[in-house]
Amino acid sequence: MKAKLFLAHFIILGLTQVSAQFKTTIPLRKDVVHGTLNNGMQYFILHNEWPKDRADFYFVQNVGAILEDDNQNGLAHFLEHMAFNGTEHFKGKGIINMLAKHGVTFGRDINAYTAHDETVYNLSNVPVKNPALLDSCLYVLHDWSGFLSLKDAEIDAERGVIHEEWRTRRNADLRIGSQLEPIIYNGSKYGKRDVLGDMDLIEHFKYKQLRDYYKKWYLPNHQAVIIVGDIDPAKIEEKVKKIMGSIPMPSNAAERTYETIPDNDKLLYKLAVDKEAQKTSISLNFKKNKPLVQDLAAFENSIAEQLALQMMNNRLKEYTVNNETALLGAGLSYSGLTRLTSFFTLTVNPKNGRLLEAFQQAYTEYERAIQNGFTKEELDRVKENMRTGYENQLKNKDKISNENWASQLQNYFLEASPVMSLEDEAAFVKTTLANVDVNEINKVFRALPTEKNQVLTVSGPEKENVTYPTETDYTTVIKKVKEQKLEPYTETVANTALVTDNLTEKPIVKRFEIKGIEEAKGYILDNGAKVIIYPTTLAQDQILFSAFSPGGISLLPEKDLPSSQIATVLAKNSGLGDFKVTDLQKQLSGKTVKVSPFIGEHYEGFSGSAVKKDLETLLELTYLYFKNPRFETTAYKRIIDYYGDALENVTENNSKIFGDTIALLDTNHSKRTFLLSKENLGELKFDEASKIYKERISNASDFTFVFVGNIAENDLEVINKYLGNVAGNHTQEKFIDHKIGTAKGFVKEKLIREMSVPKTSIYVHLENRNAAFSEKNQIMAYMLSQLLDKRYLDKIREDEGGSYGVQTQSSLSKNPSPVFSLRVSFDCNPEKDSKLLQIVYDELDIITKNDVSDKDLSDIKEDLIKSNQQNIKSNSYWMNTIVDQLKTNDKFLSSNEYEKLIKSISVKDIKKYAAEVLLNADKVEVVMQPKTDQNASK
């Protein structure tokens, strides 16, 4: 009876039209302030307090690359870039500069994307306590609507940036996509618009072509303002009406049309190959129209589809893991293809040279489910997982981000995708899960494939010795498998407890304090293990778990380093105790818990999390990782097969060649630097990996276990029950500092490589191992990267148009010994690489001699303070702080002390510190250039 009443609550409200093509009968959650202005623009405003004192502003345009004329190919995306290059109220870089003063940074908080059917802009993590700043953000959205400057000089300056974005993104995967799209989109306009566009057109289009697109399509009736955050919706609505409502709507506006993909009666097939491709993939796609009415029946159906896909993917994983197969992996997915269509897809990742065999194996398991359906036991497990997921969301509903809600409201505007309150959605899902049975799920699953509109795509490396199966080969497999009467799926489930050992409680031998963090308490167990508990109310039901022990691979001889790379991977893929890995997954159904061991350079340990009710399960898993890990030869073989396939075409992988060269120079060709290759794959040995794991993940006396979140002192009993019973010999180890780093002086290496798309990749690394460590120096080290990042953005991207973006990272670490490190890397136009590389060094020199901009430093300070205020509200911040403090024995720096230290740093401090760490730093430079007739002959 309750279910019927719940459904009626939605049905009686009737259809709501929010999108040009889609409708919904499900009302928008009540606390969203939604309206349509006289000019046709819609707005959605929602109060949300995660993060506190912040708001996100989204500007959604229901227009994209699909609306370009042939002489505008790429201009929708170009226009998105121009939105940050001058508007009516913000000249030049005014938007970026205005927001930077408030700690809102370009790239991280200020961004946009262009797709075929929409263009979306966002200003995120905006502080809300300054009303003038909120007004300014609304004026940014106002200007994006129809008041971009689009000055000739700015347009010309951006041409190079767009070209470099194309150069950076045009990797093997994108090139393969370009080959497949005409077939996937069946000759429609979608196959002729790849968003980035035609680079010849980008370099030479007339200004009018860009302005024509802008004037024709950037109109209020295609636009929505979405504001989510710690704001007063009524007050913001008033501002939206005033500022956005003043934007005029032309009387002769063009109609927004929607492209369709032509139907195909026969299967379409395409093989796409590329010399630099690193993997082989087969996709059998079924094109389906999206439902135009998003009602409760459609929502119920989507839940059933999710359950079916989860069960099928669980089966495919189980089949791949527990059998000798030709598969690296396989899976089913259901995703949007265009605004009006979706793809239901079976994806197969075969081992090299075994494409047809892998496809037959995956398709057989898929067809087995089509013929015989799923079992009640399978359904019960995925239902429980979904039910648990919603329960956890409800417990932590105050931690759902502004971005999450904004994304949902965006989809509501574009496709009428329902946005309920979390309580209503969870209640509806709960009712659906209670009512749906396995017969209904099987019916929904069998309706996913279509007889028509099938597309089969295959992609992989282009190599002389590789022959790919034909279309007929695949269709013959499909026909033969369908003609078979396949046996139903069967499974065995281990009906035993995770831990069957008879564990007795051990005494706690000592208590201790954590310096500076009063609420954190430490305990030493009878076996010598240390336990730290830090209770917080930062999340309603979250426990974070971390454990560490000094040593890591630093204690291993060189001969064991290769096998150490797979030690924890092998354990995680083999299962625990009486459970192989797939049985363990079934055993953990409905539980919110994860634990993962690691063995790093200087420490081994664990990371994990759980909700309160599953704390004991977390401890059981940790206990088993110590006491009874499994090491299965089948898991080992899968790992080796995976690496072997990945390395098959590695000689054509320029990124790996570049990365390996960097790794060797950054470590001065240390014998302890292991780079995986086809030649040394045999050095990853099963017995050695197992032995290393059992040696490193042992001796509880050397471990410190940290729990943060929904944890209390009375949980110590269950913690002690498991961790207190891990064997410990009351000895402690220390890691070895092998002093691995760059060579003294300046080391350069140039690589010349064949490339399908010519580009130069540049890497510069400065390292100073004589740098003094202090909290202030650590902050200044970070500031250096941010200051240089802005300079490189201005000089290399904006002034020269030579790169899509320069990545600058710097740090000052203390453990194992103080090291300052600064890295600069970017891809660029080969014709400009020498000039751009010189700019890198020029700016490094300038920052040691001249005062940096006071405004730039102030902006970075504001960003650091803003980020800190947000970080201290998360359990992960406190976990990292406690673990770092325990490892280094540093004094805890309170939030106030940290912010005071930031504010104390002056322009003179930065110049002095830059000179200290940069002038005497050792340097590594790696440049990878495309092979040309000129450099090939050198």
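Per my numbering, residue 164 is the first one in the sequence shown, and the count goes up by one each step. Ideal Cβ positions, reconstructed from N, Cα and C, are used throughout, including at glycine. Just so it is clear, the structure is predicted and the values come from calculations on it, not from any experiment.
Item: Cβ neighbour criterion (16 or more within 10 Å) applied to Gly845; Value: exposed
Item: Same chain, Cβ closer than 6 angstroms to Glu917, neighbours up to 5 away in sequence not counted; Value: Lys1094
Item: Contact between the region 1011-1026 and the region 972-986 (3+ Cβ pairs under 8 angstroms); Value: no
Item: Inter-residue CB distance, Ile406 and Leu301 (contact presumed, cutoff 8 angstroms); Value: 5 angstroms
Item: Paired residues, beta bridge with Cys991 - DSSP; Value: Thr923
Item: Range covered by the beta strand (DSSP E) that runs through Ser287; Value: Thr282 to Pro290
Item: N- and C-terminal bounds of the alpha helix (DSSP H) containing Ser580; Value: Segment: none, Ser580 is in no alpha helix (DSSP H) and carries neither H nor E.
Item: Gly845 (DSSP reduced to helix, strand or coil); Value: helix
Item: Inter-residue CB distance, Leu238 and Gln372 (contact presumed, cutoff 8 angstroms); Value: 6 angstroms
Item: Residues bridged to Arg550 [DSSP beta-bridge criterion]; Value: Paired residues: none, contrary to the question.
Item: Entirely enclosed beta strand (DSSP E) segments - the region 696-782, minimum 3 residues; Value: 706-713, 756-762 and 766-773
Item: Three CB pairs or more closer than 8 angstroms across the region 265-275 and the region 188-207; Value: no
Item: Pair within 8 angstroms by beta-carbon distance, Gly679 and Phe898; Value: no
Item: With 16 other Cβ atoms within 10 Å as the buried cut-off, status of Asn862; Value: buried
Item: Residue nearest to Lys757 in terms of C-alpha spacing, selected from Gly740, Asn628 and Leu781; Value: Leu781
Item: Within the region 920-986, ranges of the beta strand (DSSP E) (whole runs, at least 3 residues); Value: 923-931 and 970-976
Item: Burial state of Tyr221 (16 or more Cβ within 10 Å); Value: buried
Item: Contacts around Ala906, its chain only, beta-carbon distance under 7 angstroms, and the 5 residues preceding and following it disregarded; Value: Asn831 and Asp1085
Item: Check: Asp962 C-beta below 7 angstroms from any heavy atom of the ligand GTP; Value: As far as ligands go, the structure on display features none, and thus does not contain the ligand GTP.
Item: Ala875 burial status per 10 Å Cβ neighbour count (16 or more: buried); Value: exposed
Item: Check whether Ala1118 and Val511 have beta carbons under 8 angstroms apart; Value: There is simply no residue 1118 to check, as the chain begins at 164 and stops at 1101 in what is shown.
Item: Contacting residues, own chain, Cβ-Cβ under 7 angstroms from Leu847 (five flanking each side not counted); Value: Pro725, Ser726, Gln728, Ile729 and Ile803
Item: Inter-residue CB distance, Val403 and Val391 (contact presumed, cutoff 8 angstroms); Value: The Cβ separation is near 13 angstroms, so there is no contact.
Item: Where Asp957 falls, given that 16 or more other Cβ within 10 Å makes a residue buried; Value: exposed
Item: Lys352, DSSP secondary structure in three states; Value: helix
Item: Status (buried if at least 16 other CB within 10 Å, exposed otherwise) for His240; Value: buried
Item: Unbroken stretches of the beta strand (DSSP E), 3 residues or longer, contained in the region 316-392; Value: 386-392
Item: Pro632 in three-state terms, based on DSSP; Value: coil
Item: According to DSSP, residues forming a beta bridge with Glu681; Value: Partner(s): none; Glu681 has no beta bridge.
Item: Arg609, buried or exposed, once every other Cβ within 10 Å from all chains shown has been counted against 16; Value: exposed
Item: Neighbourhood of Glu251 by C-beta distance below 6 angstroms, restricted to the same chain and skipping five residues each side; Value: Asp306 and Phe310
Item: Residue burial classification, Pro294 (beta-carbon count within 10 angstroms, cutoff 16); Value: exposed
Item: Burial state of Lys429 (16 or more Cβ within 10 Å); Value: exposed
Item: Residues of its chain near Leu434, where Cβ-Cβ distance is below 6 angstroms and the 5 sequence neighbours each way are ignored; Value: Val621 and Tyr631
Item: Reference Leu209, options Phe537, Met261, Tyr348 and Asn567, closest by Cα; Value: Asn567
Item: Buried or exposed by the 16-neighbour rule on C-beta atoms within 10 Å, applied to Asn1038; Value: buried
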